[in-house]
Amino acid sequence: MVAHQQVSAWRPQIPGVVEVFHAHFTEHTYPMHVHDVWTLLIVDDGAVRYHLDRHERGTPNDTVSLLPPQVPHNGSPATVDGFRKRVLYMDLSQLDESFIGPAVDGPDLVDALLRRRVGQLHRALAEPGGELEAQSRLALIRERLRTHLRPRLENGPRAQPSARSVAHGLRGLLDERLLDGVTLDEAAKLLHAHPTHLVRAFSGAFGIAPHQYLMARRVDRARRLLLDGRPPTEVAPAAGFYDQSHLNRHFKRLVGVTPGRFARMIGRPTAEPRDPASGPRPPLPGASAAHGRFSAG
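For the sequence shown, the numbering used here assigns the number 995 to the initial residue and increments by one for each residue that follows.
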């Protein structure tokens, strides 16, 4: 089979959504990486197999997957034909950090109504002028996600105090030094820990090595700069990469295409993929079916 790669990405003018990403991959495999935002994923064709918090997960097309920020995950095709996916990257205004633990415990949600609403939101985001509808549908999705996560939040185990303080200290330092970076020896001095202990503590706590975490964060920054319209030649130093080749290598591994191709494909897709789960678009609750307007009642 010839490897197929097709992506489109854009930043909608919708508060809370930092990026919309649609992709069709037949062979691309994502290495372990992290995002600093929530990943809301639906798969239209095929399936994705991934690991989150050292547990293998899967995303059949009747599932909505919610991957939390700062938690490493990977991804690969679970079928010979690859997968076609649609992703929303949402900031922490939609779900705060308290929901990270519950999402780790059960990221794959089998919920037909939620799946349909996410598909409808993607359709609204792809249409110019659909901002109000998109905002309304996002609000319904946010509440549906919280409905799933709240019981786990209330009944789940309490976090153990400061057992991972060294690992969290290093993560905070990597976030602060995202562009300039930090040497392992310097981090060890700042955190009063042996370099080897730092690496082991970080990898043990987060399931990813410190350098992999840093590169993933830089790639996230690079894709946002590209979405802002910055040319790839300017993005490399602005995202903390040594040069264009350094950016290209890591960007291709984590996104599936080069920065240049990603930049050329920025924009709403010309045709939305068929989503059998979405069905015909219903009016929003409280809207007039005849006129598509919000009613006063």
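Every residue gets a Cβ at the ideal spot worked out from N, C-alpha and C, and that includes glycine.
field: Range covered by the beta strand (DSSP E) that runs through F1015
entry: Looking at the DSSP string, the run of the beta strand (DSSP E) that includes F1015 is 1011-1019.
- prompt: Using the beta-carbon count (16 or more within 10 Å), is G1076 buried or exposed?
  reply: Around the Cβ of G1076, a 10 Å sphere holds 16 or more other Cβ atoms; the residue is buried.
message: Could you tell me the alpha carbon to alpha carbon distance between D1126 and P1009, rounded to whole angstroms?
response: One detail in the question is off: residue 1126 reads as Leu in this sequence, not Asp. Across the structure, L1126 and P1009 are spaced so that their CA atoms are roughly 11 Å apart.
query: For K1183, does the count of other Cβ atoms within 10 angstroms reach 16, so buried, or fall short, so exposed?
result: Exposed is the call here.
message: Tell me the rounded alpha-carbon separation between E1228 and L1107.
response: Taking the straight line joining both Cα atoms gives about 43 Å.
message: According to DSSP, simplified to helix, strand and coil, what is P1155?
response: Caution is warranted here: a pLDDT of 35 is assigned to P1155, below 50, making its placement in the model unreliable, and no coordinate value can be reported.
message: Let me check understanding here. Comparing Cα to Cα, which of T1177, I1202, V1193, R1080 lies closest to L1035?
response: Among T1177, I1202, V1193, R1080, the Cα nearest to that of L1035 is on R1080.
message: Helix, strand or coil for S1002? Go by DSSP, reduced to three states.
response: Reduced to three states, the DSSP call for S1002 is strand.
- prompt: Looking only at DSSP bridge pairs, what is F1077 linked to?
  reply: For F1077, which the question treats as bridged, DSSP gives the partners F1019, G1040.
Spatial neighbours of R1215 in its chain, beta-carbon cut-off 6 Å, leaving aside the 5 residues before and after: Cβ-Cβ distances below 6 Å link R1215 to A1233 in the same chain, with the five nearest sequence neighbours on each side left out; the list follows chain order.
- request: Pick helix, strand or coil for S1059, following the three-state DSSP scheme.
  value: Reduced to three states, the DSSP call for S1059 is strand.
message: If you follow the beta strand (DSSP E) that Y1024 is in, where does it begin and where does it stop?
response: Run containing Y1024: 1024-1027, per the beta strand (DSSP E) assignment.
- prompt: Is H1186 helix, strand or coil by DSSP?
  reply: DSSP places H1186 in the coil class of the three-state scheme, outside both helix and strand.
task: Pick helix, strand or coil for M1209, following the three-state DSSP scheme.
output: Per DSSP, reduced to three states, the secondary structure at M1209 is helical.
query: When the Cα of D1169 is compared with those of T1023, L1219, E1013, V1028, which residue comes out closest?
result: Checking every option, the nearest Cα to that of D1169 belongs to V1028.
field: Residue nearest to G1100 in terms of C-alpha spacing, selected from R1146, A1128, Y1236
entry: Of R1146, A1128, Y1236, the residue nearest in Cα terms is R1146.
field: Presumed contact (8 Å Cβ cut-off) between A1072 and G1040, rounded CB distance
entry: That belief holds up - the Cβ atoms of A1072 and G1040 are roughly 7 Å apart, short of 8 Å.
field: D1090 in three-state terms, based on DSSP
entry: Here D1090 carries a coil assignment [DSSP, helix/strand/coil].
message: Here's a check: name, in chain order, each residue in its chain whose Cβ is nearer than 8 Å to the Cβ of P1155, leaving out the five neighbours to either side.
response: Caution applies to P1155, whose pLDDT of 35 falls short of 50 and renders its modelled position unreliable; the model cannot decide the point.
task: Give a yes or no on whether the C-beta atoms belonging to P1231 and A1257 are separated by under 8 Å.
output: Contact flag unset, no.
message: Measuring straight from C-alpha to C-alpha, what distance separates V1042 and A1210?
response: Straight-line Cα distance between these residues: approximately 20 Å.
field: Assumed close pair L1143, F1093 - CB separation to whole angstroms, cut-off 8 Å
entry: Rounded, the Cβ-Cβ distance is 5 Å, consistent with contact.
task: Look at Y1044 and H1067 and say whether their C-beta atoms are less than 8 Å apart.
output: In this structure, H1067 lies closer than 8 Å to Y1044 by Cβ.
- request: Over the uninterrupted beta strand (DSSP E) stretch that includes R1051, give me the two end residues.
  value: 1049-1053 is the extent of the beta strand (DSSP E) around R1051.
- request: Verify whether the separation of the beta carbon atoms of M1026 and Q1238 is less than 8 Å.
  value: Against a cut-off of 8 Å, the Cβ pair of Q1238 and M1026 comes out as no contact.
task: Identify which residue in H1022, L1185, P1054 has its Cα closest to the Cα of R1158.
output: R1158 has its Cα closest to that of L1185, out of H1022, L1185, P1054.
- request: Just grab the DSSP bridge partners of L1046 for me.
  value: Partner(s): H1049, H1067.
query: Is it right to say T1057 is buried, meaning 16 or more other beta carbons lie within 10 angstroms of its own, or is it exposed?
result: T1057 comes out buried.
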